[in-house]
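From first to last, the protein sequence lines are chains A and B.
The numbering of the first sequence is this note's numbering, which starts it at -19 and goes up by one.
The numbering of the second sequence is this note's numbering, which starts it at 708 and goes up by one.
Heads up, the beta-carbon is just placed ideally off N, CA and C, and yes, glycines get one too.
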Amino acid sequence: AQTVTQSQPEMSVQEAETVTLSCTYDTSESDYYLFWYKQPPSRQMILVIRQEAYKQQNATENRFSVNFQKAAKSFSLKISDSQLGDAAMYFCAYGSAFQGGSEKLVFGKGTKLTVNP
Amino acid sequence: NAGVMQNPRHLVRRRGQEARLRCSPMKGHSHVYWYRQLPEEGLKFMVYLQKENIIDESGMPKERFSAEFPKEGPSILRIQQVVRGDSAAYFCASSPFGMTTTYEQYFGPGTRLTVT
Chain A
-19 AQTVTQSQPE MSVQEAETVT LSCTYDTSES DYYLFWYKQP PSRQMILVIR
31 QEAYKQQNAT ENRFSVNFQK AAKSFSLKIS DSQLGDAAMY FCAYGSAFQG
81 GSEKLVFGKG TKLTVNP
Chain B
708 NAGVMQNPRH LVRRRGQEAR LRCSPMKGHS HVYWYRQLPE EGLKFMVYLQ
758 KENIIDESGM PKERFSAEFP KEGPSILRIQ QVVRGDSAAY FCASSPFGMT
808 TTYEQYFGPG TRLTVT
């Protein structure tokens, strides 16, 4: 079974600074997807960024980028130029790409990010 | 295109009552997933349905919980004889095809169930 671990329950960053959130996962599959979701106080789950395991290039979405290390099974999220609106819970998630495999997403426990003005 | 809709947003039930949570997927989406989020926890998969079929219910408690996704109408997550431990946020997600094809699930705003 796949597992996702987020070892930082809480992180804080100064506005305009850069912060990196860590995520490691465990799987025996070779083809899969990884996601970072943001959950603000409204509780709505918002997709921040996704990475296909077969792609060597790290995904980037504006101020958000990932460092995907497949051999190390590591998938960290970097937020540049942090803004007050980035304050939220961030969840790392794993999804199988294996045909016939489980369709579910496996989530980590989350990292609470605080942005200080 | 309206997003995934869930209702009610908040539901209060007394112990022993039934809770019915509804999920309307995005237009054109025929795959629905239900997740539960306990306080201070990540989301945990419960069940995956396609129209009129339960595909994977490996995350569903064996008793009191059931789910359906009829040919017409929303998906329903039903919890019978609720207990305090059922208090959680329940999220629905949908996708137009299976995960392995589209690799993205679109989430609704969740229903927060409180059992008193």
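Contact check, residue i vs residue j under 8 Å by CB: the rounded distance?
{"i": "Leu820 of chain B", "j": "Ser782 of chain B", "result": "Incorrect: roughly 16 Å between the Cβ atoms, too far for contact."}
{"i": "Val46 of chain A", "j": "Val(-16) of chain A", "result": "Going by Cβ atoms, the distance from Val46 of chain A to Val(-16) of chain A rounds to 14 Å, so no, they are not a contact pair."}
For the beta strand (DSSP E) that contains residue i, what are its first and last residues?
{"i": "Gln(-6) of chain A", "result": "Glu(-10) to Gln(-6)"}
{"i": "Phe71 of chain A", "result": "Ala68 to Ser76"}
{"i": "Arg785 of chain B", "result": "Ser782 to Ile786"}
{"i": "Asp61 of chain A", "result": "Counting along the chain, Asp61 of chain A falls outside any beta strand (DSSP E), and DSSP gives it neither H nor E."}
{"i": "Tyr5 of chain A", "result": "Thr4 to Asp6"}
{"i": "Val(-1) of chain A", "result": "Val(-1) to Leu1"}
Let me know the secondary structure DSSP gives residue i once reduced to three states.
{"i": "Arg743 of chain B", "result": "strand"}
{"i": "Gly735 of chain B", "result": "coil"}
{"i": "Arg721 of chain B", "result": "coil"}
{"i": "Arg791 of chain B", "result": "helix"}
{"i": "Asn42 of chain A", "result": "coil"}
{"i": "Arg727 of chain B", "result": "strand"}
{"i": "Arg771 of chain B", "result": "coil"}
{"i": "Val86 of chain A", "result": "strand"}
{"i": "Arg23 of chain A", "result": "coil"}
Nearest to residue i by alpha carbon, out of the options?
{"i": "Ser56 of chain A", "options": "A:Ile29, A:Ser8, A:Ala(-19) and A:Pro97", "result": "A:Ile29"}
{"i": "Pro746 of chain B", "options": "A:Trp16, A:Arg23 and A:Tyr17", "result": "A:Arg23"}
{"i": "Leu718 of chain B", "options": "B:Ala726, B:Ser737 and B:Leu750", "result": "B:Ala726"}
{"i": "Tyr74 of chain A", "options": "B:Cys799, B:Tyr797, B:Phe798 and B:Gln812", "result": "B:Gln812"}
{"i": "Arg43 of chain A", "options": "A:Asp66, A:Cys3 and A:Tyr17", "result": "A:Asp66"}
{"i": "Thr779 of chain B", "options": "B:Ala800, B:Asn760, B:Lys769 and B:Tyr742", "result": "Reading off the sequence shown, one finds Glu at residue 779 of chain B, where the question assumed Thr. Looking at the Cα atoms, B:Asn760 is the closest of the given residues."}
{"i": "Phe71 of chain A", "options": "A:Ala77, A:Lys18 and A:Ala33", "result": "A:Lys18"}
{"i": "Lys50 of chain A", "options": "A:Tyr5, A:Val(-7), A:Phe15 and A:Leu64", "result": "A:Tyr5"}
{"i": "Gly710 of chain B", "options": "A:Glu(-5), A:Val(-7), A:Gln(-6) and A:Met25", "result": "A:Met25"}
{"i": "Glu748 of chain B", "options": "A:Glu32, A:Val95, A:Lys89 and A:Thr94", "result": "A:Lys89"}
Who are the near neighbours of residue i in its chain, counting only those whose CB is closer than 7 Å to its CB and skipping five residues on each side?
{"i": "Met753 of chain B", "result": "Trp741, Tyr742, Arg743, Gly766 and Met767"}
{"i": "Gln724 of chain B", "result": "Val789"}
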